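A.B. asks:
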Amino acid sequence: MFLVFLPVEILLAICQDLEAQELCTLARTCRALHHLMENLVWSDYLIRHPRASITQRCAGSARQIAAYNYLVDRSWSSRSYVARAITESWPRMRPVLALSPTRLAIGAGEQVMLFSVPDAASGRREQLTAPTTHRIHPRDSRRDISALCFLPDGEQHRTLLVARVDGVVQRFQLSPDERTLQPTARFDHPASGVLALSVAEDTAVAAARNGVISFIPFRSPWTKPSTMTVHSKPWAVHLGPERNRLAVGTVGLHPLNVYHVTPSGPISTHPTVLGGAQRASAVYDICHASEGSIWASASSDVLISGWYDGVTRLHDLRQKGRTPCLSLHDPWDDSSVYSVAAGGGGSCHIASGSSRHGIVRLWDVRQPKAGWSAFSPGKDASPVYSIVMESSRLFGITEARAFVMDFDPHVHHTDYPATPIAEKVARRERDKSLLGEWTPHYLHGLMKLDTSRSPQR
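Per mature numbering (1 follows the signal peptide of the UniProt record, and there is no 0): the sequence shown = residues -20 to -1, 1 to 437.
1) Are Arg159 and Leu175 touching if we call contact CB-CB under 8 Å?
2) I'd like to confirm the pairing. Which residues does DSSP put opposite Trp287 in its beta bridges?
3) So for Val21, helix, strand or coil by DSSP?
4) Examine the Cβ distances between the region 391 to 399 and the region 71 to 91 and report whether three or more of them are shorter than 8 Å.
5) What distance in whole Å lies between the Cβ atoms of Ala46 and Ala(-1), which are believed to be in contact at a cut-off of 8 Å?
6) Threshold first: 4 residues or longer. Then list the alpha helix (DSSP H) segments lying entirely within the region 315 to 349, N to C.
7) What are the residues that DSSP puts in a beta bridge with Val142?
8) Skipping 5 residues on each side, what residues in its chain have a beta carbon closer than 6 Å to that of Leu226?
9) Taking C-alpha atoms, which residue in His424, Leu283, Ile196 lies nearest to Arg341?
10) Which two residues bound the contiguous beta strand (DSSP E) that contains Gln136?
11) Take every Cβ of the region 143 to 150, pair it with every Cβ of the region 169 to 183, and state whether three or more of those distances are shorter than 8 Å.
12) For Ile66 and Leu6, what's the separation of their Cα atoms in angstroms?
13) Do you know how far the Cα of Thr249 is from the Cα of Met208?
14) My output table needs one value for Ile247: the three-state DSSP class, helix, strand or coil.
15) Going by the DSSP bridge assignment, what does Tyr48 pair with across the sheet?
16) Sort Cys10, Leu161, Pro98, Glu106 by Cα distance to Ile116 and report the nearest one.
17) For the alpha helix (DSSP H) that Val185 lies in, which residues bound it at each end?
18) Three-state secondary structure (DSSP) at Ile66?
19) Which partner residues does Met385 have in the DSSP bridge list?
20) In the structure shown, what three-state DSSP assignment does Ala227 receive?
21) Arg83 bridges to which residues according to DSSP?
22) Mind reading off the beta-carbon distance from Asp360 to Arg373? Whole number of angstroms is fine, and I expect it under 8 Å.
23) Does the pairing of the region 333 to 340 with the region 313 to 321 give three or more beta-carbon distances under 8 Å?
24) Have a look at Ser280 and Ser23 and give me their C-alpha separation to the nearest angstrom.
25) Excluding sequence positions up to five away, which residues of its chain have a Cβ less than 7 Å from the Cβ of Lys204?
26) Taking Leu297 and Leu308 to be in contact with their CB atoms under 8 Å, please state how far apart those CB atoms are, rounded to whole angstroms.
27) Nearest CA to the CA of Arg104: which residue from Val368, Ala39, Arg123?
28) For Met73, write down the residues that DSSP places opposite it in a beta bridge.
29) Whole-angstrom Cβ separation of His337 and Phe355, contact assumed at under 8 Å?
30) Expressed to the nearest angstrom, what Euclidean distance is found between the alpha-carbon atoms of His421 and Pro311?
31) If you compare alpha carbons, which of Phe375, Tyr50, Arg37, Arg381 is closest to Thr25?
32) Could you check what DSSP says for Leu180 in three-state terms: helix, strand or coil?
33) Between which two residues does the beta strand (DSSP E) harbouring Ile274 extend?
34) Under 8 Å between the Cβ atoms of Leu177 and Leu236?
35) Could you tell me which residues DSSP puts in a beta bridge with residue 442?
36) Closer than 8 Å, CB to CB, is Leu(-3) near chain B or not?
Right under this line is the structure:
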């Protein structure tokens, strides 16, 4: 019997076991199968192979999106990327960043910088527009921004939650003409510096330096937040997407704890303790595995944490044991992990920001021993304080500048905003890493410096 005479349901079942290249080969065999691929199979393929992308980087048919994902995955496998500084350098500080489908926000000192992210359907080559800078208070290091995130606002992506070193937590609204960023609410919070924020649906969690964790209903600022207190300084908090679990990273013998919570606060102050280092340590950042990873629908049950001992640990909360299911580290660099993120090629990559030399470590969890580390543009000696990763690129930030590593095979470094001052310095010092042309990286299994291979237009 010819393949085309089989029922559509059986053909779809057969195609579920095929990879993208095999589907392309099958689509070229005859018009009937090509028609089936275009109308059903590629759409089904995308459902079964989702990508964790915050912004829309490819617009078109299901086949075009699948082709784009395939090329991006190949760029990740070959370590082909464009590395680019997207801001001029600033005085030494601890900046933070956040990404929404239409904007990239950077908080540095008293300033919030907002980049617009063009939609792929617009056909524009530029990946980010030049930033608009908003000063939210007079310069004072005691009031520096310490955390920020976007709040749900009906797909407008104009609302930010900003926390400061002096303990102030405010909601800001960007005007329709994008010229002003106005405070619209101030939330009750202890007068202690905010170290971390996490948002899920209509609840925000703020962790203060004095150990108080506040559950803020940001849609009703007149409501007093409920609070809980942890035993030591909470460097990181992560509220799960279902809002039923709160992971807290602290300092001590048991620095990673998971609390069962409701939107109004914790159910119990007795946490589930997750194992890790053999001695006292600290956890500096937490996230969960990305959608489309090898854990599929259980991705939110897999916690990723960055530790003081330089190890990035993964805990599967479905398991009875509390030990890590996977531990990742750079054998050539044992510096602390300050930031973590998940996404990348196949939605199976883990990234961690090192506390030294502006290094970003990357692993594919399907091949955890084949990790590699990349130096951020500018060769900064500082930590990578914050990173955000989607399917085809990674944004990061050091004490001196923000940068991007883009694995889109069609992107050129000139598609990002120019940094004339940094480029002038780079030419004088012959530092091409600031020009976006290349940046050094090395493999964990082989101490040999390599450079990114910039994709051709």
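All C-beta atoms, glycine included, are put in the ideal place defined by N, C-alpha and C. Given the structure is predicted, the values throughout are model-derived calculations rather than measurements.
C.D. replies: In short, the structure shows the following:
1) no
2) Val263
3) Helix at Val21.
4) no
5) 6 Å
6) Listed in chain order, there is nothing to give.
7) Leu128, Gln150
8) Leu219, Tyr239, Val241
9) His424
10) Here Gln136 belongs to no beta strand (DSSP E), and DSSP marks it neither H nor E.
11) yes
12) One C-alpha to the other measures close to 42 Å.
13) 8 Å
14) Ile247 sits in coil when the DSSP states are folded into three classes, being neither helix nor strand.
15) None; Tyr48 has no bridge partner.
16) Leu161
17) No alpha helix (DSSP H) holds Val185; the beta strand (DSSP E) holding it covers 183 to 188.
18) coil
19) Ala63, Leu374
20) strand
21) Ser96
22) Between Arg373 and Asp360 the Cβ distance is about 19 Å, and since that is not below 8 Å, they are no contact.
23) yes
24) Take the alpha-carbon of Ser280 and the one of Ser23: they are about 24 Å apart.
25) Asp168
26) Incorrect: roughly 18 Å between the Cβ atoms, too far for contact.
27) Ala39
28) In the DSSP assignment, Met73 forms no beta bridge with any residue.
29) Right, their Cβ atoms sit about 7 Å apart.
30) 14 Å
31) Reading off the sequence shown, one finds Tyr at residue 25, where the question assumed Thr. Of Phe375, Tyr50, Arg37, Arg381, the residue nearest in Cα terms is Tyr50.
32) What sits at residue 180 in the sequence shown is Ala, not Leu. Here DSSP, grouped into helix, strand and coil, assigns Ala180 to strand.
33) No beta strand (DSSP E) contains Ile274, which DSSP labels as neither H nor E.
34) no
35) Any property of residue 442 remains undetermined from this structure, which presents the chain solely from -20 to 437.
36) Among the protein chains of the structure shown there is no chain B, as only one such chain exists.
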